[in-house]
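The structure under discussion appears below in the form of structure tokens.
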Amino acid sequence: MVKKSDLKKLNSIMQEGNEFKNLRKYNKAVEKYFEALRFVEEKAKEPEEREDETANIKSQIDQIYSVEIIDIIETGNNFINNNDFDNAYKTFDEAGRIADKIVDKGLRDYEVNEINYIINKTKIEESLFQAEAVKKKEQYDRAISMLRDTLNAAKEFYMEDLESELIKKIENSINETYSIKVNLLVEKANQLKVSGNL
284 MVKKSDLKKL
294 NSIMQEGNEF
304 KNLRKYNKAV
314 EKYFEALRFV
324 EEKAKEPEER
334 EDETANIKSQ
344 IDQIYSVEII
354 DIIETGNNFI
364 NNNDFDNAYK
374 TFDEAGRIAD
384 KIVDKGLRDY
394 EVNEINYIIN
404 KTKIEESLFQ
414 AEAVKKKEQY
424 DRAISMLRDT
434 LNAAKEFYME
444 DLESELIKKI
454 ENSINETYSI
464 KVNLLVEKAN
474 QLKVSGNL
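With the first letter of the sequence shown counted as 1, position 101 gets the number 384 in our numbering; the numbers rise by one all the way through.
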């Protein structure tokens, strides 16, 4: 790629890709980087020069995918905050499909592991949400059972990190539910005592 005009053209294509990336138009940015790859394949005469340039461009494409995954996960977390777990899972699946496109094995494995971690954590959060909904319907025994299952899943998931905030939240919910149940039984006993049926 000795020609100055070729370098100028390549830099122009790459700059357009960067601009799309900054605007979060990731597909357009990737298209530009692929255009740059084709340009290098066509214009670079020296194999070593071609390999270096293509490796650099592929690395930049991987970085775009990585940034896009961060944005997608943020969207998924917003769904979780609104208790919209179905859309959160769909969003995380989309992040997984993007991660599969990453060429660098180390980066791809890292992204896939992070996404899987988030999906598993979301499953625990969803289970907690569902148990809380059952508790609000005053189905305390069922809620306690669901909360115990959720707690076991959380402990298995976090393994060493048993001080996790989510685990504490689940334990507190179990204790709260037992407390409500005990208070109801005490209230019922007092009513029976007052009515003389005890």
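Note that the Cβ used here is the ideal one computed from N, Cα and C, for glycine as well.
1) Starting from Q413, trace the alpha helix (DSSP H) in both directions and tell me its first and last residue.
2) Does the distance from the CB of D345 to the CB of I385 come in under 8 Å?
3) Near V469, which residues of its chain fall below 8 Å by C-beta distance, leaving aside the five closest residues on each side in sequence?
4) Which word fits K291, buried or exposed, when buried means at least 16 other C-beta atoms lie within 10 angstroms of its C-beta?
5) Which whole-angstrom value describes the C-beta separation of I407 and T433, a residue pair presumed to lie in contact below a C-beta threshold of 8 Å?
6) Could you check where the alpha helix (DSSP H) with G479 kicks off and where it finishes?
7) How about N392 and S342: are their beta carbons less than 8 Å apart?
8) Using a Cβ-Cβ cutoff of less than 6 Å, which residues in the same chain neighbour Y423 once the five nearest sequence positions on both sides are dropped?
9) Cβ atoms of A436 and S410: under 8 Å apart, would you say?
10) Report the option in E302, I402 and D335 whose CA atom is closest to the CA atom of G359.
11) In this structure, does DSSP put D383 in helix, strand or coil?
12) In this structure, how does DSSP classify K319 when only helix, strand and coil are distinguished?
13) Return yes when the Cβ of A382 is within less than 8 Å of the Cβ of S395, no when it is not.
14) Output the distance between the C-alpha atoms of K471 and E421, rounded to the nearest integer angstrom.
15) Could you tell me the boundaries of the alpha helix (DSSP H) in which K292 lies?
16) Roughly how many angstroms lie between the CA atoms of I340 and D369, to the nearest whole one?
17) Between the C-alpha atoms of A414 and L430, what's the straight-line distance to the nearest angstrom?
18) By how many angstroms is the C-alpha of E336 removed from the C-alpha of V350?
19) Compare the Cα-Cα distances from R380 to each of N361, I363 and Y348 and report the closest residue.
20) Taking the straight line between their C-alpha atoms, what separation do you get for A378 and Y309?
21) Check L468 in the structure and name its three-state DSSP category.
Once the coordinates are examined:
1) K388 to K419
2) yes
3) none
4) exposed
5) 6 Å
6) Element bounds for G479: n/a, residue is neither H nor E.
7) The sequence given here places Asp at residue 392; Asn does not occur at that position. Not a contact, by the Cβ cut-off of 8 Å.
8) T460 and K464
9) yes
10) I402
11) coil
12) A small fix is needed here, since residue 319 is Ala in this sequence, not Lys. Looking at A319 - three-state DSSP - the assignment turns out to be helix.
13) The displayed chain sequence assigns Val, not Ser, to residue 395. Going by C-beta atoms, V395 is nearer than 8 Å to A382.
14) 15 Å
15) K287 to N305
16) 35 Å
17) 6 Å
18) 21 Å
19) Y348
20) 13 Å
21) helix
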